[in-house]
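Visitor:
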Amino acid sequence: MALDPDAIRRLATLSRLALTDDEVAGYSESLSEILTVLDRLQGLPVGDAAPLASPLALPQALRPDEASPVTNREALQAGAPATDSGFFLVPQVLS
Amino acid sequence: MSLDTLSAMRRALEAGQTTAVALTEQALAAAEANGDLNAFLHLDTAKARAAAEAADARRQAGEGSALTGIPLAVKDIFCSEGDPTTAASKMLANWRAPYDATAVARLRDAGAVLLGKLNLDEFAMGASGENSAFGPTLNPWDRTRVPGGSSSGSAAAVAAGIVPATLGTDTGGSIRQPAAFCGLTGLKPTYGRVSRWGMIAFASSLDQGGALAWSAEDVAEVFSVIGGHDARDATSAPGTIAPPGALLSAPVAGLTLGVPEAFFEAVDSALQGPLAEARAQFEALGVRLKAIELPFAGDAVPAYYVLAPAEASTNLSRYDGVRFGHRCENPVDLDDLYRRSRGEGFGPEVKRRILTGTYALSVGYYDAYYRQAQRVRRRILGSFTEAFQSVDALFLPTTPTTAFKLGEKRHDPIALYEEDRFTIPANLAGLPALSLPVGFSNGLPVGGQLIAPHFEEGRILSLAHAFQQVTDHHQQRPMARGAA
Amino acid sequence: MNWDVVIGLEVHAQLQTASKLFSPAPNAAGATPNETASAVELGLPGTLPVPNAEAIRLALRFGAAIDAALATETIFARKNYFYPDLPKGYQISQLDAPIVGRGSLSVVMPDGATKAIGITRAHLEEDAGKSVHDAYSDRTAIDLNRAGTPLLEIVSEPELHSAQEAVAYLRELHNLVRTLEICDGNMNEGSLRCDANVSLKPAGSETLGTRTEIKNLNSFRFLERAITYEIERQQLVLEGGGAVVQETRLYDPDRDETRPMRSKEEAEDYRYFPDPDLLPILLTADDHAAARASLPELPAAKRARYETDLGLTASEARLLASERSTAAYFEAALTAGAAPKGAANWLAGEIAAQLNRSGESLDAFPITPAQLAGLLARVDDGTLSSKLAKTVFERMLETREDADVIIEREGLKQVSDSGALESLVAEVIEANPGQVEQYRAGKGKVLGFFVGQLMKASGGKANPQQLNALLKAALGEPGEG
């Protein structure tokens, strides 16, 4: 199955990636090739195999409900592109 | 001669023949001499020297452990507090982690001297080391060739004699393939053995941290420190890791190794000789070989290239230019901020995987790709489980070829994806797997791979250790820089 | 044309845990932005979620309370979309295998009838942060303190048929989560929020109409008004020959209308898939049994018990049992010795009126349940007439003192010393021979005149029952005429 440039643009919109026209053309080509590999899955006789999400056949361990305060807001925000008074700032979003 | 293995350094430290400071100076000098390899993204000389002095003080006080004073380095996908942590991406070029990964913290607690952060394929996506935003890493055995990936710097730094062991991560072969290309021993433990806390995610159900070093003995030393349960990772397996001595000393005579012949037939002819010799060598050690089949394991590549990009596509959504990482200049609105920050911050292969993964999870394609790949994954696990009914471990090639030329496969993603075809099955099944040097072809190292049932790292470490007692492939070194 | 209204509600209840759903950061509002957001809530690279055992327990308790099918294996999934208050670019939620399956809630409808409303499912998910649009003139500010708060999303079947029924259902649910102590129910602060799906179909039709979803209704009043508006709007559209557009709408309380949210360029594709950072949570029969054992008496059972065991009327039982703090107050008063009927009357009467006047909640009421019981005891033993009791009640509101203290200090005890009353009766009979004559001639009503005179003479403190008895003893039965 081929992924045409419009399909690539739709995926780029879903995944919020700005792509140049050249990139769109390149990904259209390479993803179409990759899909020929992935499409090998379609005919495989998996029978009634249940989907396997994790190789770890263990139940989830849970965390006891104990709170510990956050004491390092400055350090956590040190790598942020724009902050003020503890807020992260982004361009105005119209609600 | 300089000390270049972890065990030798440890013995010398314990005997008082050297100091952590001396070993660290040696490592820093070697790093500088091998700067052309581009193995390090960040080298913290001052921090390393301070850690070395602290380690010497610990040893003088009669404290410390095997790793105290040993210079080590970690793939730059492990967070280390206060240090640049980039995942070799422009997206994180200026980010410093505010915490240590559990594996890093455990190394520090053990007194290891951390030199810095090692190059990799961006977000661990690649099999050549060429997908780094900060330039490719070179293979110390042949500087015109790739060291393998994604743990490219982790392999090159050991092979070049800079540090005796490193941490890498392995999602589809990213420890074992570079270990094979660089003549090293590399262990990908059972999924869940090494905490993923602080290890930047590529594909969460496949990612596993591990170690690269010259020998199984040295790998075991690092694994026993970084492994074991961590409450901060919900997929961490319970239990602690046995001490290195116990991991290496399981009797191997009498074990049965399954050999999936189909994999041996699929390798480049140049690798056939060393692999055949390795099989004979195992038999000489009293190991029985048994030809087996692994149904569905040959379909691991398409399953992996659905599942890994699918998980990656959403793991990478957090890189949105809001709370950390790259933000584009003058965004006109929120959508522009997202699209340009991500478009500029991610490299071409990362974007390709995001697009592929987004496709595989989207409405109308989920069942055909994602769910079908998960079913194949179940079948692959089943094939291994079935095989382990009659064999104790598996032996197979690590890679189809030896290290290839820089640029050779750069623009051929499918060729690179096929590079992983012998290593991916163990990731899909979550099994412990190890690559060890089994010989050379045209001066380039050849790797062989051992795979064991879940949590049986000791079995393959013991097999590799026994093999290394009677072979010297792991003692070969590339020509040192400037020595010629 | 007649239309059937079909409404289903999705209610988000913030669970009362100490820490967040997936990290040990405090589940607390935070005085300043991002002070309760840890690296996990910020979605920093390398961070991982670990589920909170208490959130699982609270969700199971809710499931047990609505008699739902409880999961034996439940899984978290990622719901992928980009928004600045969603730090990871996905919300950890549940799609397949939710923790609570199908159950039902018994709701007292506006007509007084009780109806079982189906609950399709309830699942756990993490709350998003907040986008603050008015803190800066040209930017939106992001505060992630709320991010990671455990939410239980409770999805009803489309079995509600008017705005009033929807409100009744939400009130019942509100009371339930408070009774279970899983959510504080504070709608102003967003602890309990509601989305309403509304559609119309021709009366009797089997086919559901196109629905709209009204988001984020945070009070009973807004829920009622938003649905009422939306029903009228859809009716106008349909009767004008138009078609209802499936869309998400917001209710604007200032204009009392709903309007479409700014439409996105493209339909969202959330790409749900099992979160690979988390394993399936296995829940055993013991876990289920523990959830059932943790249940307090539920509102429906309370209503039934108040009627059958305590002899209250259906409407009294409903009033007392349908609000957690009212029930708690009532039962505390009974424990302190009050009779059910008396306590019920006071709660429905004086206390309700007082709360209405002050706008306070019963939780902050100045008279404690034990003090109310003390007051009622003085009515029952004849110390206070009902009129005096009201006076004492007024004083108690001001001074917060016990009834006995006020009665003693202010001399408000009704006179029931029969010696003193007998001489009063004799005096009044003697002073009013004409009325005595009329009474004896058969005018029984004149007795009321004597009672009034006697009350006046006693300063209002005489015990009316006793007065009646003494008067009849002195005057005999009214004559036959």
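First to last, the sequence lines map onto chains A, B and C. Counting from 10, one number per residue, gives the positions in the first sequence under the working numbering. Counting from 1221, one number per residue, gives the positions in the second sequence under the working numbering. Counting from 243, one number per residue, gives the positions in the third sequence under the working numbering. Quick reminder that beta carbons are idealized off the backbone N, C-alpha and C, glycines included.
Quick check on DSSP: helix, strand or coil for Asp644(C)?
Guide: coil
Visitor: Going along chain A in order, which residues have a C-beta closer than 8 Å to the C-beta of Ser1582(B)?
Guide: Leu20, Leu23
Visitor: So which residues on chain C does Glu1677(B) lean against when the C-beta distance must stay under 8 Å?
Guide: By Cβ distance, chain C contributes nothing, its closest Cβ being about 21 Å from Glu1677(B), past 8 Å.
Visitor: How far does the alpha helix (DSSP H) with Trp245(C) in it extend, from its first residue to its last?
Guide: Element bounds for Trp245(C): not the alpha helix (DSSP H) but the beta strand (DSSP E), 245-256.
Visitor: Out of Arg566(C), Ala543(C), Ser567(C), state which residue places its alpha-carbon closest to the alpha-carbon of Ala556(C).
Guide: Ala543(C)
Visitor: From Gly1388(B) to Tyr514(C), what does the alpha carbon distance come to, in whole angstroms?
Guide: Rounded to the nearest angstrom, the two C-alpha atoms are 30 Å apart.
Visitor: With a threshold of 8 Å between beta-carbons, can Ala281(C) be considered close to chain B, or not?
Guide: Against chain B, the CB of Ala281(C) has a partner CB under 8 Å away; the residue lies at that interface.
Visitor: Assign Ala1511(B) to one of three DSSP states: helix, strand, or coil.
Guide: strand
Visitor: Could you have a look at Ile317(C) and say whether DSSP puts it in helix, strand or coil?
Guide: coil
Visitor: Of all the options Asp1341(B), Gly1331(B), Val1658(B), which has the alpha carbon lying nearest to the alpha carbon of Lys1267(B)?
Guide: Gly1331(B)
Visitor: For Phe1166(B) and Thr1225(B), which I take to be in contact (beta-carbon distance under 8 Å), what is that distance rounded to the nearest angstrom?
Guide: In the structure as shown, chain B starts at 1221 and stops at 1704, and residue 1166(B) therefore has no counterpart that could be examined.
Visitor: Near Glu664(C), which residues of its chain fall below 7 Å by C-beta distance, leaving aside the five closest residues on each side in sequence?
Guide: Leu712
Visitor: Is there a Cβ from chain B that is less than 8 Å from the Cβ of Glu42(A)?
Guide: So yes, Glu42(A) belongs to the interface.
Visitor: Identify whether Gly723(C) lies in helix, strand or coil by the three-state DSSP scheme.
Guide: Confidence in Gly723(C) is poor, its pLDDT being 43 and thus under 50, which makes the residue's placement unreliable; the coordinate value appears in the next sentence. DSSP places Gly723(C) in coil when its eight states are reduced to three.
Visitor: In the DSSP assignment, what are the bridge partners of Phe96(A)?
Guide: Asp93(A)
Visitor: What residues in the segment 254-279 of chain C have a beta carbon less than 9 Å from any beta carbon of chain A?
Guide: Thr259, Ala260, Ser261, Lys262, Phe264, Ser265, Pro266, Ala267, Pro268, Asn269, Ala270, Gly272, Thr274, Pro275, Asn276, Glu277, Thr278, Ala279
Visitor: Under a Cβ-count criterion, where at least 16 other Cβ atoms within 10 Å of its own Cβ denotes burial, should Met1311(B) be classed as buried or exposed?
Guide: buried
Visitor: What do you get for Val254(C), buried or exposed, if any count of 16 or more other CB atoms within 10 angstroms of its CB means buried?
Guide: Going by the sequence as given, residue 254(C) is His instead of Val. By the 10 Å Cβ count, His254(C) comes out buried.
Visitor: Per DSSP, what kind of secondary structure is Phe1516(B) in: helix, strand or coil?
Guide: In this structure, Phe1516(B) counts as coil in the three-state DSSP scheme.
Visitor: For Phe324(C), return the contacting residues in chain A, with the cut-off set at a CB-CB distance below 7 Å.
Guide: Arg25
Visitor: Could you tell me whether the Cβ of Val55(A) comes closer than 8 Å to any Cβ of chain C?
Guide: No - not a single Cβ of chain C is within 8 Å of the one on Val55(A).
Visitor: I'd like to check one pair, Asp1632(B) with Ala1347(B): are the Cβ atoms closer than 8 Å?
Guide: no
Visitor: Helix, strand or coil for Thr568(C), going by three-state DSSP, please let me know.
Guide: helix
Visitor: Could you spell out the range, first to last residue, of the beta strand (DSSP E) harbouring Gln1669(B)?
Guide: 1664-1671
Visitor: Is it the case that the Cβ atoms of Val1658(B) and Leu1495(B) are separated by a distance below 8 Å?
Guide: Yes, the pair counts as a contact, with Cβ atoms nearer than the cut-off.
Visitor: List the endpoints of the continuous alpha helix (DSSP H) containing Val1324(B).
Guide: It spans 1322-1329 - the alpha helix (DSSP H) in which Val1324(B) sits, taken as one unbroken run.
Visitor: With H, G and I counted as helix, E and B as strand and the rest as coil, what does DSSP make of Val1542(B)?
Guide: coil
Visitor: Ile1512(B) to Gly1563(B), Cα distance in whole Å?
Guide: 46 Å
Visitor: Assign Ala1191(B) to buried or exposed, taking buried as 16 or more other Cβ atoms, counted over all protein chains shown, within 10 Å of its Cβ.
Guide: As shown, chain B starts at 1221 and ends at 1704. That puts residue 1191(B) outside it, with no answer to give.
Visitor: Using a 10 Å radius around the Cβ and a threshold of 16 neighbouring Cβ atoms, would you call Leu1314(B) buried or exposed?
Guide: Looking at the sequence itself, residue 1314(B) is Asn, so the reference to Leu does not match. Classification of Asn1314(B): exposed, given that the 10 Å Cβ count is below 16.
Visitor: Can you find a C-beta in chain E that's less than 8 Å from the C-beta of Val79(A)?
Guide: Checking the listed chains, one finds no chain E in this structure; the protein chains it contains are A, B and C.
Visitor: Please determine whether the Cβ atom of Cys425(C) lies at a distance below 7 Å from any heavy atom of the ligand PLP.
Guide: Of ligands this structure carries none, so the ligand PLP is not represented either.
Visitor: Applying the 10 Å Cβ sphere with the 16-neighbour rule, what's the burial state of Lys698(C)?
Guide: exposed
Visitor: Can the beta-carbon of Gln1688(B) be found less than 8 Å from the beta-carbon of Ala1436(B)?
Guide: yes
Visitor: Tell me the start and end of each unbroken beta strand (DSSP E) in the segment 1283-1360 of chain B that is at least 3 residues and wholly inside, in chain order.
Guide: 1291-1295, 1333-1338
Visitor: Excluding five sequence neighbours on each side, which residues of the same chain lie with their C-beta closer than 7 Å to the C-beta of Ser1603(B)?
Guide: Leu1514, Pro1515, Phe1516, Ala1517
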